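J.: Below you will find the structure I want to go over with you.
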Ligand code: NAD
Ligand code: ZN
């Protein structure tokens, strides 16, 4: 049907991404990659009450001999901690999970990153099936194998590369997602169009209303195209020696905004990336790499999707610049940006002139 998609991810440990409405109830699909008798469902306090019973019932029906436990962590980025990672490990120990156990990460990117990292570490790595329930997790964090937790010194500083065994994205789960979280995920979707797929930008423009209304077919196609791009890029550059950095378009500015405003309120990650992409486009135009018309068209698209395009009030350019200098990826070679060459083309540029950055 037009709502079911699969994306094959190659590389050293291939896996499949399944996309479509109702997949969280598909026990045969959920159990397909299971090797052993132990399954731990990790979820957060918002998602578990909505979906964990269904996942557990579907798994039980498909594989009655399975020993299933559930571990629920409080929701939010502030909970992506070593302490809560330890809690997932404790739950695996309590379950008596063996080398062939499987972790099911049911939730957004916070759950996926933390549960994936626990799966990477338990007995030096067990399977993890990602069950993303936010659009951001479906198009970004569940694909590519990066797992991590935060520490007070910074986000994602402790982690591992651990590709999932499978990704199962139930687009119907997006119906309970707050609209603001949906739009945040759409910012990352637009990012794929901006960096590698000009046609996709036109498609997004044409399907804006359907996507914002939660249309299953439109969402499934947007997710599949996004995952295919992320999979192709991470397959060619799994450890971010080159091309994978393009996925950070808008993120140097975005991370600075997130850090400077404090992570508690203000713009969320996708919104900060939306602002960051426009700033990167304007910086690129300033440096003669993109046209001002392209930057303006990107601004119009972001606005159509209900995304912010301006730096929040009260954030001083000098303070943001200071944050960018601290960015872990900027330190080696001066300020490093993903710059834009117009729809579907981007490149990494080191030693970007600070005066040009301040000017935009
Ligand atoms: P999140 O996991 O905090 O989810 C956002 C909110 O939505 C939470 O409150 C959650 O409880 C709620 N929620 C999730 N699914 C829901 C649903 N279906 N219905 C109702 N509520 C729901 O945040 P996120 O935006 O999904 O992920 C952000 C995280 O992802 C960050 O920690 C970031 O570092 C990480 N990330 C990782 C990668 C990677 O490659 N590993 C890439 C991008 C982002
Ligand atoms: Zn991002």
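Numbering (full-length UniProt numbering), first residue to last: 179 to 538.
Note that the Cβ used here is the ideal one computed from N, Cα and C, for glycine as well.
Bear in mind the structure is a predicted one, so any value in this text is a computation, not a measurement.
1. Figure out for me which residue from 423, 332 and 355 has the closest Cα to the Cα of residue 374.
2. As a quick exercise: from 384, 363 and 385, pick the residue whose alpha carbon is nearest that of residue 286.
3. From which residue to which residue does the beta strand (DSSP E) around residue 234 run?
4. Could you give the first and the last residue of the continuous alpha helix (DSSP H) run that contains residue 186?
5. Give me the Cβ distance between residue 448 and residue 372, rounded to the nearest whole Å; I'm assuming they're in contact under 8 Å.
6. By alpha-carbon positions, which one of 450, 196, 359 and 474 ends up nearest to residue 320?
7. Give me the Cβ distance between residue 216 and residue 398, rounded to the nearest whole Å; I'm assuming they're in contact under 8 Å.
8. Quick check: the segment 259–267 against the segment 287–298, are there 3 or more CB pairs under 8 Å?
9. Identify whether residue 514 lies in helix, strand or coil by the three-state DSSP scheme.
10. For the alpha helix (DSSP H) that residue 331 lies in, which residues bound it at each end?
11. If we count Cβ pairs, one from each stretch, closer than 8 Å, do we get three or more for the segment 295–308 versus the segment 327–346?
12. Is residue 411 helix, strand or coil by DSSP?
13. Quick check: is any heavy atom of the ligand NAD less than 6 Å from the C-beta of residue 392?
14. Any idea if residue 380 is buried or exposed, counting beta-carbon neighbours within 10 angstroms, 16 or more meaning buried?
15. Please find out if some non-hydrogen atom of the ligand ZN comes closer than 6 Å to the beta-carbon of residue 141.
16. Return yes when the Cβ of residue 203 is within less than 7 Å of the Cβ of residue 245, no when it is not.
17. Does the distance between the C-beta of residue 255 and the nearest non-hydrogen atom of the ligand NAD fall short of 6 Å?
18. Taking DSSP's pairing of strands, which residues face residue 369 in a bridge?
19. Starting from the C-beta of residue 413, find all residues in its chain whose C-beta is less than 7 Å away, skip the five residues before and the five after it, and write them out in chain order.
20. Can you give me the start and stop residues for the beta strand (DSSP E) that residue 495 sits inside?
21. CA-CA distance, residue 229 and residue 519?
T.: The answer reads as follows:
1. 423
2. 363
3. Segment 231–240 is the alpha helix (DSSP H) holding residue 234; no beta strand (DSSP E) there.
4. Run containing residue 186: none in the alpha helix (DSSP H); it sits in the beta strand (DSSP E), 183–187.
5. The Cβ separation is near 14 Å, so there is no contact.
6. 196
7. Between residue 398 and residue 216 the Cβ distance is about 31 Å, and since that is not below 8 Å, they are no contact.
8. yes
9. coil
10. From DSSP, residue 331 is part of no alpha helix (DSSP H); its letter is neither H nor E.
11. yes
12. helix
13. no
14. exposed
15. This structure does not reach residue 141, given that the chain is present from 179 up to 538, and the question cannot be answered.
16. no
17. yes
18. Paired residues: none, contrary to the question.
19. 187, 188 and 189
20. That residue, residue 495, is in no beta strand (DSSP E); its alpha helix (DSSP H) goes 495–504.
21. 42 Å
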